Amino acid sequence: MMDVRDSSAGRWDALGSRDSSFRHAAMELVHQEVMRRVESTGPVPDRQSSSSTDALSSDLNSLLAHVLMLSKRCPYEDVRKECICLLQMVQDVGVRIPRPMGNGPSRFIPEKEILQVSKLDESTQSIFEDAFAVLGRLDNISLVIGFHPQYLESFLKTQHYLLQIDGPLSLHCRHYIGIMAAARHQCTYLVNLHVNDFLQVGGDPKWLNGLGEAPQKLQALGELNKILAHRPWLLTKEHIEHLLKAEEHSWSLAELIHIVVLLTHYHALASFTFGCGITPDIQTDGGHTFRAPSLSGYCVCDIANGNGALEEMFGNQQESSGEVEVLMERMKQLQECRDEEEASQEEMATRFEREKTESMLVVTSEDEECVPSRDVSRHFEDPSYGYKDFSRRGEHVPTLRVQDYSWEDHGFSLVNRLYPDFGQLLDEKFQIAFNLTYNTMATHQGVDTSMLRRAIWNYIHCMFGIRYDDYDYGEINQLLDRSFKVYIKTMVCSPEKITKRMYESFWRQFRHSEKVHVNLLLMEARMQAELLYALRAITRYMT
Amino acid sequence: MEKMNRVNTISGRTMFCHLDAPANAISVCRDATQVVVAGRNIFKIYGLEEDGFVERLNLRVGRKPSLNFSCADVMWHQMEENLLATAATNGAVVTWNLARPCRNKQEQLFTEHKRTVNKVCFHPTEVNMLLSGSQDGFMKCFDLRKKESVSTFSGQSESVRDVQFSMKDYFTFAASFENGNVQLWDIRRPDRYERMFTAHTGPVFCCDWHPEDRGWLATGGRDKMVKVWDMSTNRVKEIYCVQTIASVARVKWRPERRFHLATCSMMVDHNIYVWDVRRPFIPFATFEEHKDVTTGIVWRHQHDPYFLLSGSKDSTLYQHMFKDASRPVDRANPEGLCFGLFGDLAFAAKESLMAGPPSVGDVGRKTYPGGDRRYPIFFFKKPDVTEQFAQVSSALSVFESEAGSSVGMDWFINTAQSYLLSGKPFAELCEHNAQVAKRLNRLQESTTWTMLRIMFSEPANPSLSTNHNLNKSGNLPLVNSFSMKEMSAALNERNKENRQDNIHSLETNLNNNDENEETEGSEGQAEYLFGDAELDDDDLYSMEHDNQAAEEPEYLLPQEAFPLRHEIMDHPSAPEPVQEKPESPHVSGSEAESMCLTPMESISLISVSQLLFSPHLPPKFFCPIVKEMLCYYAEQGDVQMAVSVLIVLGDRIRKEIDELTQEHWYMSYIDLLQRFELWNVSNEVIKLSTCGAIMCLNQTSTTLHINCSNCKRPMSNKGWICDRCHQCASVCAVCHHVVKGLFVWCQGCSHGGHLEHVMEWLKQSKHCPAGCGHLCEYT
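Taken in order, these protein sequences are the chains called A and B.
Take the first sequence: its letters are residues 1 to 543, numbered as in the UniProt record's numbering.
Take the second sequence: its letters are residues 1 to 779, numbered as in the UniProt record's numbering.
Next up, the structure:
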């Protein structure tokens, strides 16, 4: 796969051009290339053929897979059409062509619900075109986030800045750190994505054999990665000092900020990937198949997760009808009685503690340590290290009060100081994520959802031991029901255990776009929580 | 008068006391005898005594204090001695009455805000009026005689960071917001703000009304700026702007000093600065006592400018005496030095320094004001009584290089370009560099390289090739090559030649005007030129008629015009005021070397290497000598040699020299290289350096902002496509493809394209490839 991208990066690039004549010319080139290989491989690739033709055919296959991806995902209609024609032509010659596996970008959301690249409004189209021009692909994550174009724009901008625009870290390092972070959550999707990018920007393939093969400097990040991913509150200034003062293997402060942002970004993104059940991209292994459609079409991951059979989508709709109405009623009540009945201060304090401890009791589906699959686990050390509840008996870690260390006042300044302009981007992204609303809930219009959004945001921060003095944690109990809490907790703390059943069992009546919205909130809240702890440690180191 | 008398009774010293917990805010009572400290876990009143703080009262009572005690802000009423108000992080506004007989002094509790209250403010003259600003975007005005707020002001959903009643206008208050806006409200009209303007990018953390000047408001923001706004006119005008180094958390005007204000920052920087807003480049005074960020500052008495109180996250409460403040201006470098485009050199220094007696036998010295060719005064500032900056009068000398004498630095450029710093084995690098130095007739350097080679090479192979090398150099007597004394004397001779520059009068009008504009701009005020009586007028005239001015006895230079702008880190090729004599201590490096060699001065190099530097000697043996040698070169101004040797030797010597010195050398060399536009070499040096601070240079400001060539709007960061006109920007004018690598523009018509395409095109044609008719040039 990556060989093709390597040797022909230029060829695909021009397909992202806004000038249709460029695209046409590029398509022409692709066409010739494909046909040339088809001829050299021979009409029907034979299983018994020699190894040289085998290599040739696998080369052709990956080429075809890319064409297939383009035919589905390219934001330009002309390219899509020409790709379909090309595939048809190849099939007519007698070569087996691939077809996409699974049902669209997400296992949880039916393909027809997700934005079709062919039917986009203008602003989304332009966002997709930009993304395509930069990356030469449109990944499934972007497609799913496409429900919320306003956020998508900011998300892509940030990610682009993080990975492509010049910053303290070299390009391949960034991808490698991305791989490390995603691997921590066993997110095969992100790992594969960045393994390709890593090789493409000239990373050393040896590093991919495991963290042990990477330079010592990168190995030192393993600890930071581990703590940040699972128990960020344990991060101390000693950890930071260890990274900054390591003789010739030390990082600079600017680099460290970049690293921290990368790690938190990919931890959160891994959460999102699992939370929305993102499937492998079409052009990657596992995203397409050359087998005939009659064979089982289920994604490998589906089988691994034990929900091989498609569950009945709207099976339980009856029993949960009225769920939305109840929720709205509660929000209204909270709004009204807030001024009348004032909870005592002690009450407020204990409510946070209760919510904190209760979040502990919300048990994620299986609690046994599942051993991550071999190929991913080599990118990090100590696979048994996982999320431990913040408020365990015995070890007491003081809560972080937002009023004492907040993103707006403190985190921002630190990031912007050491990684210019990036604080601004992150700030925008957090704000968009937090303020995003369409004033709808399921079928109801004109609802003020700020209360619900704040409850979700603060619940996640609560799980990380971050407390808002001015928030009544009793609201969380009123607004978030148990199945939703289970989902949130699983997604934030051990995203790899998310199942389709979990996704479906919360908020049954809500639309998929709203569930994606929730996922975005979870992702950003988690990222901010990790970031706050990391930045606080860095601040402490600096003072 | 009575007031002033009371002020005079205040005395004290710089003192501090430990608090039990970090403070969030402090406030002082009207007669300056008590201070209240509030924080998440602290709420106490301290008495200010002659020789220390004395805890008077702990307001945090109860076994398990509620969040109402967790204060984000506190204010002591300026009319009513017993009245305090706090803003709690949980959204409560609490008032406290110290006159209450019981332990719990809490008087009223307002829980109308939904989010954290960031600020409370009493009306300066009205006893019962209290204002609060909260994270929920509302400001509320309370009448303390009533149970609830009397009016609510909505800032339209953005969080309120600060509210301040105007000192002069009874009904006006200012509010600053998280989105960068500042609003002015009339307390009688809660429906709509009177005025709004955007003051900062990002949150405005604080604002403060000037105690004297009606309508002056200072604001501080996350964008690291302090701005002073004049609101007395129709349009809000920014009149001063001070750029600090960290986000500004608090700002407070200094009493009785019209242009002074104190600031502290929210992150990273722990100092308190007092600025003269007219001198925005350097703080007037700095208090550096705190170990963590300062969270609250307040002037002890509203008519006393000499005492400042501050609370900090490091759990201390300080009283700073102004006379104990450090004055950064005293530490600032009062000398300035700059190269002109054609090798001219301008040098500004304190007059007192310049007037020193000319040293003997130095041709270069003649150029100093001893010759008494003074330049016209181009700036004269009458000392302003309110401005307490030290008046520094400086003299400026300009050394104009002789025609063709810029060749004097050719050796530098040549050397920089030809030296090899990496990529080959150590011995070869040394040999190459020795050849380069020799070719440029720099024999001392050449010999140094050769010696380094011998010292640090593997013992196996040295003598033969060295021998060869030296034999080739032939006509140079070996003895001489070791006699460092003579060599450095020769070096000095050469330096002297360089210094035979003529002193020239300023090309007055041109230069003067330049300077003048600059200072004026930086001051943000033309007052000095026009506002100050008759003297100034004269000076202005003299500026225009320079002959006349030549007779003026002295001239003053605004200090920031030269030295203070940016620290000049090196003076490598500056003519030194005092010519170094070979036996001066700086030369100790060379002496040391010649010392160790003197006994065998007449022995050939081969025998030396065999005798002294026998293969059994570890290379470490030479490190001290090499170190001294490097220092010698750097001291002599040949930082090029020092850095080059440092890089080539790499680990062999790096540990011997402390990081800071290395960094200094690197910075100096890089600065020089960049002055000579040797970008490639400078980049190579940065890359090869091992200092963290230097390597960082390559990681900053690497962004290039471009505009779309079609619609002339700024391009966003991603892609090659303009967001607005949806066209490919930066298309090559020759091949019409998007340029993704090196892009070359014509500065005349702004067309361009792939480097090689444009080069090729312009070989054949004189006109712009885009067909715009411009005659482009490629050089």
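Note that CB positions come from ideal geometry on N, CA and C, so glycine has one too.
Since this is a predicted model, take the numbers as computed values, not measurements.
Quick check on DSSP: helix, strand or coil for residue i?
i	result
Gly411 (chain A)	helix
residue 552 (chain A)	Because chain A in this structure spans residues 1 to 543, residue 552 (chain A) falls outside the shown range and cannot be described.
Glu601 (chain B)	For Glu601 (chain B), the predicted model reports a pLDDT of 41, less than 50, meaning its position is unreliable and no value from the coordinates is stated.
His249 (chain A)	helix
Asp276 (chain B)	strand
Met629 (chain B)	helix
Phe412 (chain B)	helix
Met667 (chain B)	helix
Asp73 (chain B)	strand
Leu742 (chain B)	coil
Val648 (chain B)	helix
Cys749 (chain B)	coil
Gly221 (chain B)	strand
Arg195 (chain B)	strand
Glu431 (chain B)	helix
Thr399 (chain A)	coil
Within 9 Å of any Cβ in chain B, is that where the Cβ of residue i sits?
i	result
Gln216 (chain A)	no
Thr124 (chain A)	no
Met542 (chain A)	yes
Pro168 (chain A)	yes
Ser142 (chain A)	no
Leu414 (chain A)	yes
Thr539 (chain A)	yes
Asp427 (chain A)	yes
For the putative contact between residue i and residue j, defined by C-beta atoms under 8 Å, what is the C-beta separation to the nearest angstrom?
i	j	result
Cys772 (chain B)	His751 (chain B)	6 Å
His444 (chain A)	Met523 (chain A)	25 Å between Cβ atoms; not a contact.
Asn61 (chain A)	Pro98 (chain A)	7 Å
Pro124 (chain B)	Phe153 (chain B)	About 18 Å; that fails the 8 Å criterion.
Pro495 (chain A)	Gly275 (chain A)	6 Å
Ala181 (chain A)	Tyr266 (chain A)	3 Å
Trp253 (chain B)	His210 (chain B)	5 Å
Met75 (chain B)	Ser151 (chain B)	Not really, about 19 Å apart at Cβ, beyond 8 Å.
Between which two residues does the alpha helix (DSSP H) holding residue i run?
i	result
Gly275 (chain A)	Leu253 to Gly275
Thr244 (chain B)	Careful: Thr244 (chain B) lies outside any alpha helix (DSSP H) and carries neither H nor E.
Val134 (chain A)	Glu122 to Leu135
His230 (chain A)	Leu221 to His230
Gln88 (chain A)	Glu77 to Val93
Could you tell me the boundaries of the beta strand (DSSP E) in which residue i lies?
i	result
His754 (chain B)	Gly752 to His754
Asp230 (chain B)	Met225 to Asp230
His18 (chain B)	Met15 to His18
Is there a C-beta anywhere in chain E that falls below 9 Å from the one on residue i?
i	result
Leu67 (chain B)	Of the chains in the structure shown, none is chain E; the protein chains are A and B.
Say yes only if the C-beta of residue i is nearer than 8 Å to one or more non-hydrogen atoms of the ligand FAD, and no if none qualify.
i	result
Phe122 (chain B)	Only the bare structure without any ligand can be found here, which leaves the ligand FAD out of the picture.
Does any residue of chain A have a CB that is nearer than 9 Å to the CB of residue i?
i	result
Gln135 (chain B)	yes
Val163 (chain B)	no
Phe110 (chain B)	no
Ser70 (chain B)	yes
Inset, instruction - Could you run through the stretch 260 to 271 of chain B and flag, in chain order, every residue whose CB is less than 8 Å away from some CB of chain A? - result: Met266, Met267, Val268 and His270
Inset, instruction - Pull out every residue of the stretch 222 to 247 of chain B whose Cβ sits closer than 8 Å to any Cβ of chain A, in chain order. - result: Arg222, Ala246 and Ser247
Inset, instruction - Check distances from the C-beta atoms of the stretch 411 to 442 of chain B to those of chain A and list, in chain order, the residues that come in under 9 Å. - result: none
Legend entry - Interfacial residues, the stretch 318 to 350 of chain B to chain A, with Cβ spacing under 8 Å: none
Inset, instruction - Output, in sequence order along the chain, the residues in the stretch 241 to 260 of chain A whose CB is closer than 7 Å to any CB in chain B. - result: Ser252 and Ala254
Inset, instruction - Give, in chain order, every residue of the stretch 447 to 461 of chain A whose Cβ lies closer than 7 Å to some Cβ of chain B. - result: none
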